[in-house]
Structures are given as C-alpha cells and as structure tokens.
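Undergrad: There's a structure below that I have some questions on.
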Amino acid sequence: MEKIMAKTKNINFICVLRYIGLTFLFFILNKATINMGYMTPFCFGIYYALIFRKEDNLFTSLCYLIAYCGAFFSLTGLYQVINLIGVALGCKWIHKSLHKNAHSLLVCLYAILGNIVYIVYNCGQPKDIIITIISLAIGLLYLYCALHVFKITKRSRNIKLNIDEIMCLCIIVMSIGMGLANINIYSFEFLKCLGVLIILILSYVVSIKSTLVTASML
Numbered sequence: 005m006e007k008i009m010a011k012t013k014n015i016n017f018i019c020v021l022r023y024i025g026l027t028f029l030f031f032i033l034n035k036a037t038i039n040m041g042y043m044t045p046f047c048f049g050i051y052y053a054l055i056f057r058k059e060d061n062l063f064t065s066l067c068y069l070i071a072y073c074g075a076f077f078s079l080t081g082l083y084q085v086i087n088l089i090g091v092a093l094g095c096k097w098i099h100k101s102l103h104k105n106a107h108s109l110l111v112c113l114y115a116i117l118g119n120i121v122y123i124v125y126n127c128g129q130p131k132d133i134i135i136t137i138i139s140l141a142i143g144l145l146y147l148y149c150a151l152h153v154f155k156i157t158k159r160s161r162n163i164k165l166n167i168d169e170i171m172c173l174c175i176i177v178m179s180i181g182m183g184l185a186n187i188n189i190y191s192f193e194f195l196k197c198l199g200v201l202i203i204l205i206l207s208y209v210v211s212i213k214s215t216l217v218t219a220s221m222l
C-alpha cells in the first residue's frame, strides 16, 4: 500500500511539473513576436498540435489560458483565446467520439476556424488584412511543423531525422529562442541560460550536425 501511495505521489508530482512546463512554454511562445510585436503566430500552433496529439485536453487548455493572461492580457485577446480553445476542444471531442484521429490538414482547418475572432477583429483596414493573413499563414506552417515534431517523439530511442524533420525541429527551437529573447527580468536574459541547456540536451538526443544547426538558430 505504501509503495502504491509513493508511486501515486511521484506521478502527481511529475504531472504538476509537466503542466508548469507547458504553461511556461506557452508563455514563451506568446512572447515570440514578429513585425515589432504586431504578430504572435506561434502559440496557437503548438497548442493545437498538443490538443490533437495528446489526451490531457482540459489541463493543456487551462495552461494555454493562464500563459496568455500572464503574457499580455486584453479582453479582445481573451475572446480570441476562448474561440481557439472552444473550437479545439469541440473538434477533438468529435474525433474522440468517432474514434478517429484528425489528419494534419484537418487540424490546420480547425485552427483556421479557431482564429475566426482574430480574423474578424483584425481585418479593419487593407494593411491589417495583409498582416492578419501573413500571421495566420505563419501560424499554420508552425502548427504543421509541431505536428511533425510530435511524430518524432513517438519513435524509439534510435532517432534518425530526415531533412524535413530537422527543419521543423529547428523552427520550433527558433521560435522558443525568439520568445526567450523578449523576456528580460531584472537584466536576467533567459535566452542565454536556457539556450545552453537546450544545446546540451540536443547533443545527447540528435546528431552533432543537427545540434550545430539548432545552435545557430538560437
């Protein structure tokens, strides 16, 4: 009985750490901006990839919501996030009820539906329409990359990456680096600290060439 209780505590502790890590990841990607902060296309991509490739949908969504509120809170942005979460959970529930996995292209379509509020709100002027389309396109490409990266994690320990997978992994790491570069608390630069840690971890997981490419992206 004591062993079972100990295992349960360990599992709960690991889950808590995982959700804290997810929240921090979402927070970082919310900080990864393009075009002087006008576009934040990365976070919803990783969120949709997690929702449609993992099972803990509600807690992942809660982490996403908390991370957004911590990064930059606004009522309009909150409506956009609720739209993203509602569409993701609804579509995932339908696929789960039908016992069918969503194809990558379908996930991208759901992501477009999840951005309806964002599209409507930001398409007031011709310039805004162009920025919105570019931001959404970047986010969908990022989502596609994230789906590829999650496929890699389901393999055995002997991971051999092809060129497409290496590029997708580099794009994910680059977006994290962009977010970390925008986080500066009391002159402490998170990018330099975590960048070294990421490179060390990758040196054990992938080849030297892939590690060097990733390091250059950071």
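For my numbering, add 4 to where a residue sits in the sequence shown, where the first one is 1.
From the three backbone atoms N, C-alpha and C, an ideal C-beta is built for every residue, glycine too.
Since the structure is predicted, the reported quantities are computational estimates derived from the model, not experimental observations.
On the CB-based measure, 16 or more other CB atoms within 10 Å of its CB, does F56 come out buried or exposed?
TA: Counting Cβ neighbours within 10 Å, F56 comes out buried, since at least 16 surround it.
Undergrad: What is the DSSP secondary structure of I38, counted as helix, strand or coil?
TA: Strand.
Undergrad: How about A92 and F31: are their beta carbons less than 9 Å apart?
TA: Not a contact, by the Cβ cut-off of 9 Å.
Undergrad: Please check the pair L165 and I156, which I expect to be a contact at CB under 8 Å, by giving their CB distance rounded to whole angstroms.
TA: Between I156 and L165 the Cβ distance is about 7 Å, and since that is below 8 Å, they are a contact.
Undergrad: Residue ranges of each beta strand (DSSP E) run of no fewer than 3 residues wholly in the segment 58-118, ordered along the chain?
TA: Whole beta strand (DSSP E) segments, 3+ residues: zero.
Undergrad: Should Y72 be labelled buried (16 or more other beta-carbon atoms within 10 Å of its own) or exposed?
TA: By the 10 Å Cβ count, Y72 comes out buried.
Undergrad: Is there contact here, the segment 41-55 with the segment 134-144, by at least three beta-carbon pairs under 8 Å?
TA: These segments touch.
Undergrad: Can you name the start and end residues of the alpha helix (DSSP H) that T157 belongs to?
TA: P130 to T157 is the span of the alpha helix (DSSP H), which, as asked, contains T157.
Undergrad: Hey, how far is the Cα of N105 from the Cα of G181?
TA: If I take the Cα positions, the gap works out to 31 Å.
Undergrad: Check the Cβ-Cβ distances between Y68 and every residue of chain B, and say whether any is below 9 Å.
TA: No chain B appears in this structure, which consists of one protein chain only.
Undergrad: Please classify Y114 as buried or exposed, where buried requires at least 16 neighbouring CB atoms within 10 angstroms.
TA: Under this definition Y114 is a buried residue.
Undergrad: Measuring alpha carbon to alpha carbon, tell me which residue in S179, N126 and N16 is nearest C149.
TA: Nearest option by C-alpha distance: S179.
Undergrad: Counting only the same chain and skipping the five closest in sequence on each side, list residues whose C-beta sits under 8 Å from that of C67.
TA: Same-chain partners within the cutoff: Y23, L26, T27 and F30.
Undergrad: M43 and I138 look like a contact to me (Cβ under 8 Å); what is the Cβ gap, rounded to whole Å?
TA: Confirmed, about 7 Å.
Undergrad: What does a CB cutoff of less than 8 Å around N186 pick up in its chain, not counting 5 residues either side in sequence?
TA: Result list for N186: K35, A36 and T37, in chain order.
Undergrad: Between the alpha carbons of P45 and K131, how many angstroms are there, rounded?
TA: Computed Cα separation, rounded: 17 Å.
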